[in-house]
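Going by this note's numbering, the first residue of the sequence shown is number -15, and it counts up by one from there.
We treat Cβ as the ideally placed atom computed from N, Cα and C, and that holds for glycine.
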Amino acid sequence: MDRLGPLRHLIQHHPIIDNHAHNLLNRESATDYDNYPLEAITSEAHGQALENARTTLPLLRATNQLSELYGCPCENWDDVQSAHDRWVREDYDGLIRRSLEGTHALLLDDLLGDDEDVENFDWHDSFTVSTTKRIVRIEAVAADLILQLASSERKAGETVWNNFRQRFQNALSEAMEDPNVVGFKSVVCYRTGLDVDPYSSDDTTLAGSLVRTLDSGTTRSGFRVEDKPLNDWLVQQTLKAISFKKMAGVVKPLQFHTGLGDDDINLVRANPAYLQPLIAQYSKADIVLLHSAYPYTREAGYLACVYPNVYLDLGEVFPMVSRDAQENILRQSLELTPASRLLWSTDGHFHPETFWLANRQFRQALETVLVDYVQKGDYNTPQAIKVAADILFHNSNRLYGLKMTPEYTPAIPSGTLSTNQTKPPTKSDALDVFIHANPEVEYVWMQWIDYTATVRVRMFPIDDFTQIARQQRRIGISVAAVSILQDDTVTLDGSTAGQLYLEPDLSSLCLNGSMTKPAAPSATVMAFWESEANESLDVCPRRTLQTIVNQLQAENNITVQCGLEIEVVFLTPTKGQTGKTAYTPATTNHSWSQMTSDTRRLVPLLEEIHRTLASIGISLEQFHAESAPGQFEFILPPLAPLAAVDSLIAARQVITAVAERHGLRATLHPRPIPNGQGSAAHAHVSISPPTREENFLAGVLTHYPAIMAFTLSQDASYDRIRAGIWPGSEWVAWGFQNRETPVRKIGPGHWEIKSLDGLANPYFAIAAILAGGYLGLKENTPLTMGECTADPSTLSADQLSALGVTTPLPKSLAESLEALGGDESLKALLGPELVRNYTIVKRAESARLLSMPEEERRLWLLERY
């Protein structure tokens, strides 16, 4: 896997919020090609013009790609239609589920198609992770109200106008209050063009416009709202309502159809540049320009660049135009448009294939374009990853106020149709995908990390694990897991009565790169802890981390990424005369970032570690020699916190196993060689958006002494808390690119936390750091501490005081545990029972270790970590 592997993987597998789509047809209508021709999945043409679509490049490309969706070869369009008919007849739900794979939520304009032919908007919930939300089309609302008026007694124009105006405004108010409605849509582009007058006409003109509309239709045929004064007024009223509600904190944008459409559109007036006066007039209302505004993408991008209330949607052109056109549209969108203003949608409608093709082709184009920009140096990999995740999910999540946490639900691999495939997808479907891709796997190792940071494991034959993943059986372990020491001693306050249950998190399922040959192929999965009643346990380390991440997202609309580092020392074991194993550094002619003769000897080991990690989907960003003899650093790519820690555990196990195959011991001990340089496990934490970064940082600094109880969790960890050796100094402080402060600021919303080493349970450690930041946001903690530009230990008391640096770092585990015990807000957030159990375990562990002679204690830890 190349260095761009994490970017490629995210683009292809990150969940999406589809910010503009339409209802699917019911089973009976899904093969009604007279009213809903299948060729329309790649063309806006109608009638005779649509017959020509079979010779277009987009449709021929779709023909070839749909073979994958259907699980059978499609040589021509007749094959596509036959396969579609078969899926609809035998497993329509299965076709929909596969077509919506990876879709977290749908935002539906549910007023396209006849009511009796399409499914209701909430029917779609069974195929996505989150509930479907509605986009209200204002012209359809108006047409329905006009139909109601026409069905009643007609009165004078002004009277009917007053009646209609009140009803429409009431309908807007109701939609504003409806939690299922997250936005509005206008098709004024189709009706009278985008040159919408930002100012309302007088009532006489509007009444006349309404009367002309009433005269243009019948109660049988319905009414089409296409008289300019009335159409402009509908848009103006919606923007006024949106602006008013936004002042009260309710954000519901207005989407505009822009750019290409069928022959019912004036292509010239479909240019969003016509909307500029309206955008400027209603600067408080959020506006979304749909469909990439193609062929006016650059004009739309300009508007999204210079107006803070404008967003550009990238939908519909996938799969309506060719691959080259799609990539050019993306590049044009990125010419000016901030990536934070770009949204993704399929414009999927009627046939499930519209969703599948749009998502597949968009992911392909996005990967091509972003990888190209990274290779040319325009983006670095973390920047491109953020752009992709924002476009696919986070921008829509923020704009529409959805407060969703991304979750990807895989579909069943293609193959034989199953008429039993009628229930909604479950998390165990991920196992089917994994087994399909890795049929050689015979065993699955289910792992968890206890309070001493010991990795525990249970191993299962694949068939037995499949039963566990499908919740056909449960695996219980002793409740002593929360109070057990490394040698299986249970603390005095612990209990062996009762049990908790391991719930595999299939999102962490990966090939096992740590096994020693000739062991059979296996996989690893991390586990949550659950109660007897199938409820999540708050004392679970993984659950603790994920809960904090979810709270940051739900309450502050903040997403977090973590980039974790592994510092490891390779040691050569030798047997002494007493029979005991002694350890010496694997290299001695060794220094930071230098390639010495000693270092070169270990290059094959380092490269084998990289290749092994790549084979299980973990891509190293870099690796290099560190300062201590035998010490190297491996840097992992930024990921969501839980995934980052899961990858960290897997990577450490690979490093350890590969080192053993080379006859070496790899240790995370913070100072494996007495009086030598130390080893850490620094964490990079970044929040997006970084708008409240000072509150977040202030919270971390305020709670830092208590946080250290989790990040430096052994007495041996505190041997590094001294000045002058880049461990983060001796004071709670921060500085921009200052490696002698415990918190190094790297960029907006991006910090490196230095008080962390390999003896910590990393789930607890990252959870504690994020909890401090969360409390800073919740309590609006001001950042009163100034930036430190030197090693704080070299500053005088007056200099420290002037910076607001007043708190020394704990010098022992006992001190940090005492700080934790006195930090009531951090304890409450992490959970009083968790903190109590953790404190008991760490004190018992400390007492046991401190009772050993110093050399025995060093070897005891070195052989376990």
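For the alpha helix (DSSP H) containing Asn48, list its first residue and its last residue.
Its alpha helix (DSSP H) spans residues 41 to 54.
task: May I have a chain-ordered list of the alpha helix (DSSP H) segments no shorter than 4 residues that lie completely inside the stretch 538 to 595?
output: 581 to 585
Let me confirm a value: Ala264 is counted as buried when at least 16 other C-beta atoms fall within 10 Å, else exposed. Which label applies?
So Ala264 ends up on the exposed side.
Exercise for the section: Would you kindly report the start and end of the unbroken alpha helix (DSSP H) that includes Thr640? Expected result: 625 to 645
Lys169 versus Val113: straight-line alpha-carbon distance, rounded:
24 Å
Are the beta-carbon atoms of Tyr363 and Val371 separated by less than 8 Å?
Yes, the pair counts as a contact, with Cβ atoms nearer than the cut-off.
Would you call Asp471 buried or exposed, if buried means 16 or more other Cβ atoms sit within 10 Å of its Cβ? exposed
Rounded straight-line distance, which links the Cα of Pro732 to that of Leu401: Caution applies to Leu401, whose pLDDT of 44 falls short of 50 and renders its modelled position unreliable; the model cannot decide the point.
Endpoints, alpha helix (DSSP H) assigned at Glu839:
838 to 846
_Proximity to Gly385 [Cα-Cα], best of Asn312, Gly31, Asn164_ = Asn164
Quiz item: Quick one: what does DSSP say Glu300 is sitting in, helix, strand or coil?
Solution: DSSP places Glu300 in coil when its eight states are reduced to three.
Out of Val120, Ser380, Leu632, Ala437, which has the shortest C-alpha to C-alpha gap to Asp850? Residue 850 lies beyond the residue range present for the chain, which begins at -15 and ends at 849; the question has no answer from this structure.
Q. Using CA coordinates, which residue listed in Tyr20, Leu129, Glu85, Gly55 is at the minimum distance from Leu96?
A. Tyr20
task: Alpha carbon to alpha carbon, how far is His(-7) from Thr26? Give it in angstroms, no decimals.
output: Distance between the alpha carbons of Thr26 and His(-7) is about 27 Å.
**Asked** Between which two residues does the alpha helix (DSSP H) harbouring Ile(-5) extend?
**Response** -11 to -3
Should Glu610 go down as buried or exposed, given a rule of 16 or more other Cβ atoms within 10 Å for buried? So Glu610 ends up on the buried side.
Problem - Residue of Pro505, Leu484, Met510, Gly478 minimising C-alpha distance to Ala453 - result: Met510
With C-beta atoms as the reference, is Gln239 less than 8 Å away from Val272? yes
message: Bridge partners for Ile730 per DSSP, in chain order?
response: Ile730 pairs with nothing; no bridge assigned.
| Are Pro622 and Ser670 close, meaning C-beta to C-beta below 8 Å? | yes
Status (buried if at least 16 other CB within 10 Å, exposed otherwise) for Met855
As shown, the chain starts at -15 and ends at 849. That puts residue 855 outside it, with no answer to give.
Discussion item. Rounding to the nearest angstrom, what Cα-Cα distance links Thr242 and Pro256 in this structure?
Written reply: Going from the Cα of Thr242 to the Cα of Pro256 covers about 6 Å.
- Three CB pairs or more closer than 8 Å across the stretch 637 to 651 and the stretch 686 to 700: no
In the DSSP output, what is Asp2 paired with across the bridge? Leu90
*Less than 8 Å separating the beta-carbons of His(-3) and Gly55?*
no
Who are the Cβ neighbours of Ala831 in its own chain at under 7 Å, not counting the five residues just before and after it? Within the same chain, Ala831 has no close Cβ partners at all.
**Prompt:** For Ser329 versus Ala5, is the C-beta spacing smaller than 8 Å?
**Reply:** yes
Could you check the C-alpha separation between Phe152 and Leu90 for me, to the nearest Å?
26 Å
**Message:** Given a cut-off of 8 Å on the beta-carbon distance, is the pair Thr791 and Val716 in contact?
**Reply:** yes
Problem set entry | Separation of Gln367 from Gly(-11), as counted between CA atoms | 14 Å
Exercise for review: Reducing DSSP to helix, strand and coil, say where Gly742 ends up.
Suggested key: coil
- [ ] Go through its chain and collect everything with a Cβ distance to Tyr295's Cβ below 8 Å, but skip five positions before and after it.
- [x] Pro237, Asp270, Ile271, Val272, Leu273, Ala288, Arg325, Leu326, Leu327, Asn379, Leu383
In this structure, how does DSSP classify Leu484 when only helix, strand and coil are distinguished? strand
Problem - Reduced DSSP category for His108 - H, G, I as helix; E, B as strand; rest coil - result: helix
* Would you please state the rounded distance, in angstroms, between the beta carbons of Tyr435 and Val825? I believe it to be under 8 Å. => Taking the Cβ atoms as the reference, Tyr435 lies roughly 4 Å from Val825, within the contact range of under 8 Å.
From which residue to which residue does the alpha helix (DSSP H) around Ala700 run? No alpha helix (DSSP H) contains Ala700, which DSSP labels as neither H nor E.
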